[in-house]
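J.: So the sequence shown is residues 1 to 183, counted in UniProt numbering. Where a beta carbon is used, it is the ideal one built from N, C-alpha and C, also for glycine. Starting off with a structure, shown below.
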Amino acid sequence: MNHLKETTKSSEKLFSGRIIDLYLEEVELPNGKTSTREIIKHPGAVAVIAITKENKIVMVQQYRKAMERVLVEIPAGKLEKGESPEVTAKRELEEETGYTTDSLQHLISFYTSPGFADELVHLYFTEELQILTEKAELDEDEFVDVLEVTLEEAQQMIDDQRIFDAKTAYAVQYLQLKLALQK
Numbered sequence: 001m002n003h004l005k006e007t008t009k010s011s012e013k014l015f016s017g018r019i020i021d022l023y024l025e026e027v028e029l030p031n032g033k034t035s036t037r038e039i040i041k042h043p044g045a046v047a048v049i050a051i052t053k054e055n056k057i058v059m060v061q062q063y064r065k066a067m068e069r070v071l072v073e074i075p076a077g078k079l080e081k082g083e084s085p086e087v088t089a090k091r092e093l094e095e096e097t098g099y100t101t102d103s104l105q106h107l108i109s110f111y112t113s114p115g116f117a118d119e120l121v122h123l124y125f126t127e128e129l130q131i132l133t134e135k136a137e138l139d140e141d142e143f144v145d146v147l148e149v150t151l152e153e154a155q156q157m158i159d160d161q162r163i164f165d166a167k168t169a170y171a172v173q174y175l176q177l178k179l180a181l182q183k
């Protein structure tokens, strides 16, 4: 594998934001030549596949400025400094949906866009939801509608491109596979 490694020669921070930092890095390629890489550093994120007692998937609908449209997604959010992924998952579930749980199962962690970003998403699963007696507060710049959909409705939302992000499409496929294996 070392024959594929790129060695960083220099790194310059071009931008530091609330969520991401952008770096321009000069790298030495495996063949000895140099190139530049634009790298986004991200603190990481979580996402939760939450299933109600009625066997519905809890999702949120929100406007995504980068896409200039409303998308339907599973609850998710970024890691806060010093916060474990499991704590973040529970917090995001509570803030975005009004549900909580004491049972989160870690399914997998994956990079979203390894060609230019280091964001690692930790995906959790729960079927043990309780409605919060007092709803948690969303971030001040966050506005969501909570949806509870069947697996079939979620698949139709993928077909209609209302679900159009990788983590949510992955979640729907995970549930389809889980259901198929139970038969």
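For my contact list, valine 70 and tyrosine 63 are in at a C-beta cut-off of 8 Å; report their separation, rounded to the angstrom.
T.: Yes, they are in contact, since the Cβ atoms of valine 70 and tyrosine 63 sit about 5 Å apart, within 8 Å.
J.: Can you name the start and end residues of the beta strand (DSSP E) that alanine 47 belongs to?
T.: Alanine 47 -> beta strand (DSSP E) spans 45-50.
J.: Considering only their Cβ atoms, is the gap separating valine 149 from isoleucine 57 smaller than 8 Å?
T.: Contact: yes.
J.: For the beta strand (DSSP E) holding threonine 7, just list the boundary residues, first then last.
T.: Looking at the DSSP string, the run of the beta strand (DSSP E) that includes threonine 7 is 7-16.
J.: Count the other CB atoms within 10 Å of the CB of tyrosine 124; is the residue buried (16 or more) or exposed (fewer)?
T.: Buried: at least 16 other Cβ atoms inside 10 Å.
J.: Looking only at its chain, what residues have a beta carbon closer than 7 Å to the beta carbon of residue 192, apart from the 5 residues adjacent to it on each side?
T.: What is shown of the chain runs 1 to 183, which leaves residue 192 out entirely.
J.: Please find out if some non-hydrogen atom of the ligand ZN comes closer than 7 Å to the beta-carbon of phenylalanine 143.
T.: The model depicted lacks the ligand ZN and carries no ligand whatsoever.
J.: Let's see if you can read the secondary structure: which residues bound the alpha helix (DSSP H) around leucine 147?
T.: Run containing leucine 147: none in the alpha helix (DSSP H); it sits in the beta strand (DSSP E), 145-149.
J.: What are the uninterrupted segments assigned as beta strand (DSSP E) that are 3 or more residues long and contained completely in the UniProt domain "Nudix hydrolase" (40-171), given in chain order?
T.: For the UniProt domain "Nudix hydrolase" (40-171), whole beta strand (DSSP E) runs of length 3 or above, ordered along the chain, are 45-50, 57-64, 69-73, 76-78, 105-111, 120-126, 145-149.
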